[in-house]
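Working notes, beginning with the structure itself.
In UniProt numbering, the protein residues as written are 1 to 123.
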């Protein structure tokens, strides 16, 4: 008896490895966290209004120092921090890289800052 010749199924080909990284390369999550960490601080509309009302202007050098302080707070695990820069106090959401409010020396007197988990004194 003669058997019919039919299609011969091709052996399955292995799927290419997706998302495999070489050893020593950082994971996507680590790269993303690093990029977010290096992002500049944003100022909320409220914080911008407070700075304008109190006629406080911050130059590039000031912003760099404040950014470094936020990065330091983040490295220590802070989520909401009080950044003290000269006579300026900035309540900052470290997780969102956003300055929530700004208070200068006069307004900061007799003020209680709540909902913060750290304070960084910027020199």
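Heads up, the beta-carbon is just placed ideally off N, CA and C, and yes, glycines get one too.
Measure the Cβ-Cβ separation of residue i and residue j and say whether it is below 8 Å.
i           : j          : result
residue 116 : residue 84 : no
Determine the burial state of residue i: buried for a count of at least 16 other Cβ atoms within 10 Å of its Cβ, exposed for fewer.
i          : result
residue 27 : exposed
residue 50 : buried
residue 74 : buried
residue 92 : buried
residue 78 : buried
Nearest to residue i by CA position, among the options, is which residue?
i          : options         : result
residue 44 : 64, 100 and 110 : 100
residue 98 : 81, 72 and 31   : 81
residue 95 : 67, 7 and 48    : 67
residue 42 : 13, 109 and 63  : 63
residue 48 : 114, 90 and 109 : 90
Would you say residue i reaches chain C, if we count a Cβ-Cβ gap shorter than 8 Å as a contact?
i          : result
residue 24 : This model lacks chain C altogether, as it is built from one protein chain only.
Can you tell me the Cβ-Cβ gap for residue i and residue j, rounded? I've got them flagged as a contact below 8 Å.
i           : j           : result
residue 103 : residue 111 : 6 Å
In the segment 24-57, which residue ranges form an unbroken beta strand (DSSP E) of at least 3 residues, counting only runs that do not cross its ends?
none
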